[in-house]
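Report on the structure given below.
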Amino acid sequence: MDQKIVFNSSIGQIDTTSDLPITDTIRQHTGWAKNTALVDNYRRMVDQCFRKCITSFGEPELSKAESSCIDRCTQKYSETAAIVDERSRETTKANEEQAALMQKQWEGLRGGVPPGASQPIPQDYFDKKDGESKERKGLGY
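Here it is in structure tokens:
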């Protein structure tokens, strides 16, 4: 049975009494985080472009210069955000691939034969207490 948790976004804690499986909770939290990031990014864009383009409040309507400035500013901001997002996805993918490789290598060591070794690593090697040396156990790894 899946362990069940819920991430309480308002206080940043995990509730282990929920009926949602961990994978659903992670998806839910990821969706919430993406939405929050989008809203925050939009808020920053509006703030930046407003500060840059709106110079006076003499008229109730935007001037042509202000309107043009806002169009250019929001376009540039959106393009830059898309580039950053793409690079972030590439980095995340590379990190996930590296983590998967490391996990596979670790699983190969547990009870397996490490590269260059003639015998498997005994299970109790992984269960040793802090400070207990490998040499004391006579394992030599």
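Per UniProt numbering, the sequence shown starts with residue 1, numbered consecutively. Just so you know, even glycine gets a beta-carbon here, dropped at the ideal spot from N, CA and C.
Sub-8 Å separation of residue i and residue j beta-carbons
i	j	result
residue 66	residue 49	no
residue 102	residue 74	no
Nearest-angstrom Cα separation, counted from residue j out to residue i
i	j	result
residue 69	residue 78	14 Å
residue 63	residue 56	10 Å
residue 34	residue 106	32 Å
residue 71	residue 61	15 Å
residue 99	residue 86	20 Å
residue 58	residue 43	24 Å
residue 84	residue 90	10 Å
Same chain, Cβ closer than 8 Å to residue i, neighbours up to 5 away in sequence not counted
i	result
residue 41	81
residue 30	none
beta-carbon residue i near the ligand ADP non-hydrogen atom, thresh 7 Å
i	result
residue 99	The model depicted lacks the ligand ADP and carries no ligand whatsoever.
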